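For the sequence shown, the positions run 172 to 511 when the numbering used here is used. Yeah, the Cβ is synthetic: ideal placement off N, Cα and C, and Gly gets one too. Quick caveat, the model's predicted, so the values are computed rather than measured. Everything below concerns the one structure shown next.
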Amino acid sequence: MGTDLFFGITESGVMHTDADPQIPLETKFKMVKESGVYDYFDKTPAKELEYDYLRCSEKYDLPILAGGWFYVVGRDEELLMENLRLGARLGSLVHNTQIIMDHADGSLVSDEQVAEIYLKAYETGEEIGCRPTFEVHVNMWSEDFRRIEKVADLVERRGIPFRMTLDHSHVIFKIDNPREQEVFNIRESIENGELVLDPFQEDHVCGNWIQRGFVRHCHARAAVPNNPRNVWKHHPGLEGLVSQHPKDTIGRGIQYPFLEPEPGQWHSEWNESLLEPWKEVLRQLMRYHASHSDSNLKTISTEFIPSPDYGGGARYSIFENSLACVRWLRETWNHISTAV
């Protein structure tokens, strides 16, 4: 049986709505600690704030076991190494690593380039104890889900294990979503059966990653098939990375409330049963962890957030949804781990 799991929350989830005043850092730690349901705080702060985070972590006896940031290959290699070292000083076990799809020279980053930066980060992580986990995520190289096992194969041929962050909301929201399946032209692979997104079908892509032992860290943010787009928030446009968001487009819709919203708190109808595919991936991940003594999974962070593609503009409480989600995660893990 795998070791026990630790459940945390990303700092961006310690808020109610994005219309509210900003919550002071110490209050965030206090909120998380007093909830009684979280084991850790998830954040890689700016290096000039390192002391503030350490002070709050120690005061509230709430370790910072995970963090993360995003990186452009050809520009941010040293920043990644610096953040791994920062994570180690904070006591983090993992650093969630997002590799943006665009290389610094404007080209699409290649599998070989992703593998090379992974290998460099892996070497640093092994030396200091904060390990990189490469995330499946929109706008990143891994949004083309077919590439993840290709990069993993390149890494493993060098005798190095490939470790990832599973944020399967980025997979689930593309189920039955023709618009999203046009990105990287994955629709053809879905239609011919080469790429399976539905976790209730055999050989589905998240299940393959789980069974190969890739998953060392997990982000838990609810999403549903053909998730409603976030009509309440527009992107201002990203001039330097135009491949990611055409200016003024509405959010892509990669977050679904875990709790039923009150009237006027959300822009769409809510149906709890639609969450089942998302929940099923977590059940499968936990079953694998419980039944494999060599499982590398240690941390699961709830990550309900207020960005345009997610919960920006929503009037439901992101923090209350995070609490409901982690309670479900704990109940599910307790049931699965005691049944093995």
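Item to check | Every unbroken beta strand (DSSP E) inside the segment 293-368 [3 residues or more] | outcome: 302-306, 335-337
Next on the checklist: As a quick exercise: from F475, I507, D480, pick the residue whose alpha carbon is nearest that of Y487.
Outcome noted: For the purposes of this step, residue 487 is taken as the residue at position 316 of the sequence shown. Taking only the C-alpha atoms, the option nearest Y487 is F475.
Checklist entry - Of all the options M186, P303, E306, L445, which has the alpha carbon lying nearest to the alpha carbon of T198? => result Here residue 198 corresponds to residue number 27 of the sequence shown, with the count starting at 1. Looking at the Cα atoms, M186 is the closest of the given residues.
Next on the checklist: Which residue wins for smallest C-alpha separation from G520, given the options D347, I361, Y293?
Outcome noted: Since the first residue shown for the chain is 172 and the last is 511, residue 520 is missing from the structure and cannot be characterised.
Checklist entry - Is there contact here, the segment 233-243 with the segment 264-280, by at least three beta-carbon pairs under 8 Å? => result yes
Item to check | 8 Å CB neighbourhood of R161 in its chain, flanking five on each side removed | outcome: As shown, the chain starts at 172 and ends at 511. That puts residue 161 outside it, with no answer to give.
Next on the checklist: Considering only the alpha carbon of each residue, which of E431, S508, Y427, K469 lies closest to P479?
Outcome noted: As a working note, residue 479 is residue 308 in the sequence shown. Checked all of E431, S508, Y427, K469; the closest Cα to P479 is Y427.
Item to check | Own chain, CB closer than 6 Å to Q436, minus 5 neighbours either side, in chain order | outcome: On the sequence shown, position 265 is the one that residue 436 refers to. Correct list, in chain order: R486, Y487.
Next on the checklist: Residues in the same chain with beta-carbon distance under 8 Å from I507, minus the five sequence neighbours each way, listed in chain order, please.
Outcome noted: Within the sequence shown, the letter at position 336 stands for residue 507. So the qualifying residues of the chain are R454, M457, R458, A461.
Next on the checklist: Could you compute how far the alpha carbon of V322 sits from the alpha carbon of R423?
Outcome noted: Within the sequence shown, the letter at position 151 stands for residue 322. Within the sequence shown, the letter at position 252 stands for residue 423. Going from the Cα of V322 to the Cα of R423 covers about 26 Å.
Checklist entry - Residues in its own chain within less than 8 Å of S228 by CB, not counting five upstream and five downstream? => result On the sequence shown, residue 228 is found 57 positions in, with the first residue counted as 1. Answer for S228: F200, F212, P234, I235, L261, G262, listed in chain order.
Item to check | Test item: CB-CB of S313 and E320 under 8 Å | outcome: Here residue 313 refers to the residue found at position 142 when the sequence shown is read from its first residue. Here residue 320 refers to the residue found at position 149 when the sequence shown is read from its first residue. Not in contact: S313 and E320 (Cβ atoms no closer than 8 Å).
Item to check | Distance between beta carbons of R392 and D338, contact taken as under 8 Å | outcome: The residue you call residue 338 lines up with position 167 of the sequence shown. The residue you call residue 392 lines up with position 221 of the sequence shown. Yes, D338 and R392 are in contact; Cβ-Cβ is about 7 Å, under 8 Å.
Checklist entry - Is A485 helix, strand or coil when you go by DSSP? => result Looking up residue 485 in the sequence shown gives position 314. In the structure shown, A485 sits in coil (DSSP, three-state: anything other than H, G, I, E or B).
Next on the checklist: Between R246 and A275, how many whole angstroms is the CB-CB distance? I'm expecting something under 8 Å.
Outcome noted: The residue labelled residue 246 in the question sits at position 75 within the sequence shown. The residue labelled residue 275 in the question sits at position 104 within the sequence shown. Rounded, the Cβ-Cβ distance is 4 Å, consistent with contact.
Next on the checklist: DSSP three-state label for G422, please.
Outcome noted: What you label residue 422 is simply residue 251 of the sequence shown in a count that begins at 1. Strand at G422.
Next on the checklist: If I follow the unbroken beta strand (DSSP E) through W437, where does it start and stop?
Outcome noted: Reading the sequence shown from its first residue, position 266 is the one you call residue 437. W437 -> no beta strand (DSSP E), and no H or E assigned at all.
Checklist entry - Roughly how many whole angstroms lie between the Cα atoms of A394 and K345? => result Residue numbering aside, residue 394 sits at position 223 when the sequence shown is read from its first letter. Residue numbering aside, residue 345 sits at position 174 when the sequence shown is read from its first letter. Cα to Cα, the separation comes out at about 10 Å.
Next on the checklist: Excluding the 5 residues flanking W202 on each side, which residues of the same chain have their C-beta closer than 8 Å to its C-beta?
Outcome noted: Here residue 202 corresponds to residue number 31 of the sequence shown, with the count starting at 1. Reading off the sequence, residue 202 comes out as Met, not Trp. So the list reads V185, I194, F490, once near-sequence residues are dropped.
Checklist entry - What residues match up with L279 in a beta bridge as DSSP calls it? => result Locating residue 279 in the sequence shown gives position 108, where the first residue counts as 1. Answer by DSSP bridge pairing, in chain order: D273.
Item to check | I343 beta carbon less than 8 Å from that of W449 | outcome: Walking along the sequence shown from the start, residue 449 turns up at place 278. Walking along the sequence shown from the start, residue 343 turns up at place 172. Going by C-beta atoms, W449 is nearer than 8 Å to I343.
Checklist entry - Per DSSP, G179 forms a beta bridge with which residues? => result Start at 1 with the first residue of the sequence shown, and residue 179 comes out as number 8. Answer by DSSP bridge pairing, in chain order: Y211, S472.
Next on the checklist: Given this structure, state the Cα-to-Cα distance separating S206 from N505, to the nearest angstrom.
Outcome noted: As a working mapping, residue 206 is identified with position 35 in the sequence shown. As a working mapping, residue 505 is identified with position 334 in the sequence shown. Their backbone Cα atoms lie some 19 Å apart in a straight line.
Checklist entry - Does the beta carbon of G384 come closer than 8 Å to any beta carbon on chain D? => result The structure shown contains no chain D; it is built from a single protein chain.
Checklist entry - My guess is that G258 and T215 are in contact by the Cβ rule of under 8 Å, so how many angstroms apart are they, rounded? => result As a position in the sequence shown, residue 258 is number 87, starting the count at 1. As a position in the sequence shown, residue 215 is number 44, starting the count at 1. That pair is a contact at about 6 Å.
Next on the checklist: So, for N467: in the same chain, excluding its five sequence neighbours on each side, which residues have a beta-carbon less than 8 Å away from its beta-carbon?
Outcome noted: Taking the sequence shown and counting its residues from 1, one reaches residue 467 at position 296. The answer, listed in chain order, is P332, R334, G384, V386, R387.
Item to check | Buried/exposed call for Y222, threshold 16 Cβ in 10 Å | outcome: If you number the sequence shown from 1, residue 222 lands on position 51. When all chains shown are included, Y222 counts as exposed.
Next on the checklist: Checking 8 Å against the spacing of the C-beta atoms, do Q269 and F241 come in under that value?
Outcome noted: Residue numbering aside, residue 269 sits at position 98 when the sequence shown is read from its first letter. Residue numbering aside, residue 241 sits at position 70 when the sequence shown is read from its first letter. Their beta carbons are under 8 Å apart, which means Q269 touches F241 by this criterion.
Checklist entry - If you run the structure through DSSP and keep just helix, strand and coil, what is R400? => result Reading the sequence shown from its first residue, position 229 is the one you call residue 400. In the structure shown, R400 sits in coil (DSSP, three-state: anything other than H, G, I, E or B).
Item to check | DSSP three-state assignment for T188, whether helix, strand or coil | outcome: Position 17 of the sequence shown, counted from the start, is the residue given in the question as residue 188. If DSSP states are grouped into helix, strand and coil, T188 belongs with coil.
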